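Student: I'd like to ask some things about the structure below.
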Amino acid sequence: MPELMYIAPLPRPAARALQVAHTCEAIAALGVTVTLWTAGRGARDLYAHSGVADNFAMRYFPAVLFPLAVFFAALFSRAQAFYSRDALILLLLSLVKPRRALTYEAHGLAQGRFGKSVQRWTLRRVGTVFGVTPALRDELARLGAKRAFVAHNAVRRAHFENVPSRLEARRLLGWPQDAFIVAAFGADGAHALIAALALVWAQAGGFRAALALIGVDDDSALRAEWQKLGLEAEAFLTTGVVPPPDVPLCLSACDVLTLLLPRTEHSAYYASPLRLFEALAARRALIAADLPAWEDVLTHEEHALLVPAGATRTLADALTRLYNDPLLRQALADSAYEHVMARFTSEQRARAILKKVFARDKKS
723 MPELMYIAPL
733 PRPAARALQV
743 AHTCEAIAAL
753 GVTVTLWTAG
763 RGARDLYAHS
773 GVADNFAMRY
783 FPAVLFPLAV
793 FFAALFSRAQ
803 AFYSRDALIL
813 LLLSLVKPRR
823 ALTYEAHGLA
833 QGRFGKSVQR
843 WTLRRVGTVF
853 GVTPALRDEL
863 ARLGAKRAFV
873 AHNAVRRAHF
883 ENVPSRLEAR
893 RLLGWPQDAF
903 IVAAFGADGA
913 HALIAALALV
923 WAQAGGFRAA
933 LALIGVDDDS
943 ALRAEWQKLG
953 LEAEAFLTTG
963 VVPPPDVPLC
973 LSACDVLTLL
983 LPRTEHSAYY
993 ASPLRLFEAL
1003 AARRALIAAD
1013 LPAWEDVLTH
1023 EEHALLVPAG
1033 ATRTLADALT
1043 RLYNDPLLRQ
1053 ALADSAYEHV
1063 MARFTSEQRA
1073 RAILKKVFAR
1083 DKKS
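My numbering puts the first residue of the sequence shown at 723, with every later residue one more than the last.
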């Protein structure tokens, strides 16, 4: 049975920790012996926090000495594969491990002179590289990666099975049963969504949609903005930080989901957020920013309505269209669910990764 060491310091319980847990679980489920070498607060109670099976082992190292501790542990490990999102750790391991044993998963381009140098050297010294978008894959290849592939983020299928209905989810959350609820999934784009909802409320023949902030820790500034625009306090709903296993319930309570990342260089070309795939799996209509990073994932009018980043009027028009057309909402939701489950699950991602990781290139 092949053995893989996934190396990931997890300083806090965030999306990174969740994505790492999903990957370890999915790879282990395919018959690989997986051990997560980790450190930090995000590693505490990782199984329970992420809702994954404990089919992979965990080994903890001191956070301060993590790169050095991992280096010495690797000296005595006979694992065939060492997998990490940390370029510096892989660069250190390249001193003692063959190129074919090392895999780098990049979620963006490094910043700063030191970070850029480390990433560039790592790309040239590992056997396999994954970028989470096509543009990132291409840039990593330009910087020196010899075997670079795309591995978008993915959804854990089991999280979206047996999800409560819209009305049941609202009852559990204490949300109004008869409201038309539009969610900002994360803080990104929440200001733009509030501005668009204000337009919807004010326009002739408009409607009073409620706003739901999902996964936003501090909503005080957004609440003040909502009230400043004269929108009803009762229509401002929030979940606070949501444990990953409860995200599907919160999404189910909504009528429309939005994912409105700003058009920065990273978001436009290199971002593949887990939230995107969770939104597609939620069986709810989605409005997303029209970004090149997602062009091989989302098709306008098929899986979601795409709007230019920051285009408040276009966003308001899309919301109005979905409010007035429940058949379109259902069609988008059904198509998105079928699409993500057919192409972007953790199991499918793990299979694609293993196919490349354990492909023996005798020249490497």
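Beta carbons are placed, not taken as given, at the ideal position from N, Cα and C, and that holds for glycine. These numbers were taken from a predicted model, which means no experiment stands behind them.
Determine contact between the segment 780-792 and the segment 747-756, defined as no fewer than three beta-carbon pairs at a distance below 8 Å.
Tutor: no
Student: Use the C-beta contact count for G911: other C-beta atoms within 10 angstroms, 16 or more gives buried, fewer gives exposed.
Tutor: buried
Student: Count the other CB atoms, across all protein chains shown, that sit within 10 Å of the CB of A770; report buried if there are 16 or more and exposed otherwise.
Tutor: exposed
Student: Please name the residue, chosen from W948, K819, S989, that lies closest to I916 on a Cα-to-Cα basis.
Tutor: Taking I916 as reference, the option from W948, K819, S989 with the minimal CA-CA separation is W948.
Student: Could you give the first and the last residue of the continuous alpha helix (DSSP H) run that contains L790?
Tutor: 788-797
Student: Closest by CA to L797, which one among P995, L790, V818?
Tutor: Minimum Cα distance to L797 is reached at V818.
Student: According to the neighbour-count rule (16 or more other Cβ atoms, all chains shown, within 10 Å of its Cβ), is Q925 buried or exposed?
Tutor: By the neighbour-count rule (16 or more Cβ atoms within 10 Å), Q925 is not buried but exposed.
Student: Rounded to whole angstroms, what is the Cα-Cα separation between D977 and A1011?
Tutor: 18 Å
Student: V1079 and Y805 look like a contact to me (Cβ under 8 Å); what is the Cβ gap, rounded to whole Å?
Tutor: 7 Å
Student: Could you tell me the alpha carbon to alpha carbon distance between H829 and R1051, rounded to whole angstroms?
Tutor: 31 Å
Student: Report back the beta-carbon spacing between Q841 and A809 to the nearest angstrom; my notes put them in contact at under 8 Å.
Tutor: 5 Å
Student: I need the boundaries of the beta strand (DSSP E) containing P731, first residue and last residue.
Tutor: 725-731
Student: Relative to the C-alpha of H1025, which candidate in G1032, A1031, A1033, W1016 has its C-alpha closest?
Tutor: W1016
Student: Of all the beta strand (DSSP E) runs that stay within the bounds of the segment 962-1005, which reach a length of 3 or more residues?
Tutor: 978-981
Student: Can you name the start and end residues of the alpha helix (DSSP H) that R781 belongs to?
Tutor: Looking at the DSSP string, R781 is not in any alpha helix (DSSP H); the run it does join, the beta strand (DSSP E), is 779-782.
Student: When you compare only the Cα positions, how much space is there between A1007 and A791?
Tutor: 47 Å
Student: Grab me the residues of P966's own chain with a C-beta within less than 8 Å of its C-beta, minus the 5 sequence neighbours each way, in chain order.
Tutor: L740, H771, S772, G773, H881
Student: Exposed or buried, L1020, counting other C-beta atoms within 10 Å across all chains shown (16 or more means buried)?
Tutor: buried
Student: Taking the Cβ atom as the reference point for each residue, do A779 and L758 lie within a distance shorter than 9 Å?
Tutor: yes
Student: With DSSP collapsed to three states, give me the class of T755.
Tutor: strand
Student: Using only the alpha-carbon positions, how far apart do V938 and P886 sit?
Tutor: The alpha-carbon atoms of V938 and P886 are separated by roughly 22 Å.
Student: Taking three-plus beta-carbon pairs below 8 Å as touching, is the segment 848-866 in contact with the segment 726-736?
Tutor: no
Student: Are the segment 1060-1068 and the segment 989-1006 in contact at 8 Å, needing three or more beta carbon pairs?
Tutor: yes
Student: Could you compute how far the alpha carbon of H744 sits from the alpha carbon of R878?
Tutor: 7 Å
Student: Any idea if S942 is buried or exposed, counting beta-carbon neighbours within 10 angstroms, 16 or more meaning buried?
Tutor: exposed
Student: Under the DSSP definition of a beta bridge, which residues are partnered with S806?
Tutor: I729, Y826
Student: Leaving out five residues on either side along the sequence, give the residues of the same chain with a beta carbon under 8 Å from the beta carbon of S816.
Tutor: L824, T844, R847, V848
Student: Give the C-beta separation of A920 and L951 to the nearest angstrom, bearing in mind that I take them to be a contact with Cβ-Cβ under 8 Å.
Tutor: The pair is a contact, with the Cβ atoms about 5 Å apart (cut-off 8 Å).
Student: Apart from the five residues on each side of it in sequence, which residues of its chain come closer than 6 Å, Cβ to Cβ, to A891?
Tutor: L971, S974, A975
Student: Counting C-beta neighbours from all protein chains within 10 Å, is the total for H874 16 or more, i.e. buried, or is it exposed?
Tutor: buried
Student: Determine the direct distance from the alpha carbon of L935 to that of E883, and round the result to whole angstroms.
Tutor: 23 Å
Student: Using 10 angstroms around the beta-carbon of F836, count the other beta-carbons present and answer buried if the total reaches 16, otherwise exposed.
Tutor: exposed
Student: Label G927 either buried or exposed according to how many other C-beta atoms from any shown protein chain fall within 10 Å of its C-beta, with 16 as the threshold for buried.
Tutor: Counting of Cβ neighbours within 10 angstroms places G927 among the exposed residues, the total staying below 16.
Student: Since L1013 contacts R985 with CB under 8 Å, what's their CB separation in whole angstroms?
Tutor: 7 Å
Student: Do you know how far the Cα of L933 is from the Cα of W897?
Tutor: 11 Å
Student: So within the segment 886-964, which uninterrupted beta strand (DSSP E) runs reach at least 3 residues, ignoring any that extend past its ends?
Tutor: 903-907, 932-936, 958-960
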